[in-house]
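Asks:
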Amino acid sequence: MKENIKKLYNDILERKFSKNMSAGYEPLEVDIFLDSVRSALVGIDKEQRSLYQDLNQKNQEILDLKNIINQKDSIIQSLRADNESLKKDGYQSQKLMNDLGKLHVAVSELQNGKNNK
869 MKENIKKLYN DILERKFSKN MSAGYEPLEV DIFLDSVRSA LVGIDKEQRS LYQDLNQKNQ
929 EILDLKNIIN QKDSIIQSLR ADNESLKKDG YQSQKLMNDL GKLHVAVSEL QNGKNNK
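Numbering (this note's numbering), first residue to last: 869 to 985.
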């Protein structure tokens with residue numbers, strides 16, 4: 869597309885019109901108009917380049933954000949696994965505490981029974 873615009877610039881600058889003395893366009897007016905068209909195309913080209921540059925920058929930002937998301941997702945998965953492990957450990961600890969409490973009660977009952985005899 870860039871080459872097409874350059875070709876169009878050159879076509880505009882090099883364009884010559886035949887002169888008809890009896891009825892035709894004023895050559896100076898035609899030249900002024902073509903200069904304004906060329907200027908407009910130069911502005912459009914600059915804007916297009918700027919937009920492509922912005923687009924490339926935004927695409928890079930998107931890739932960077934996707935990488936961050938993937939890193940955070942990996943951390944989340946690891947934390948979930950740790951959480952599940954802690955839950956299991958917590959349940960086991962709670963069961964052990966309950967068993968230890970029952971054992972303590974049983975030992976107390978045995979000691980009380982022994983002391984009562």
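All C-beta atoms, glycine included, are put in the ideal place defined by N, C-alpha and C.
So what does DSSP say about K884, is it helix, strand or coil?
Replies: In the sequence shown, residue 884 corresponds to position 16, counting from 1. K884 falls in the coil class under three-state DSSP.
Asks: Check G892 in the structure and name its three-state DSSP category.
Replies: As a working mapping, residue 892 is identified with position 24 in the sequence shown. G892: coil per DSSP, three-state reduction.
Asks: Going by C-alpha to C-alpha distance, which of V898, E915, D899 and L909 sits closest to L876?
Replies: Locating residue 876 in the sequence shown gives position 8, where the first residue counts as 1. Comparing Cα-Cα distances from L876 to each of V898, E915, D899 and L909, the minimum goes to L909.
Asks: By how many angstroms is the C-alpha of D967 removed from the C-alpha of V973?
Replies: Indexing the sequence shown from 1 puts residue 973 at position 105. Indexing the sequence shown from 1 puts residue 967 at position 99. Taking the straight line from one Cα to the other gives about 10 Å.
Asks: How long is the line joining the alpha carbons of Q921 and E929, rounded to whole angstroms?
Replies: The count along the sequence shown starts at 1 and reaches residue 921 at position 53. The count along the sequence shown starts at 1 and reaches residue 929 at position 61. Roughly 12 Å between the two C-alpha positions.
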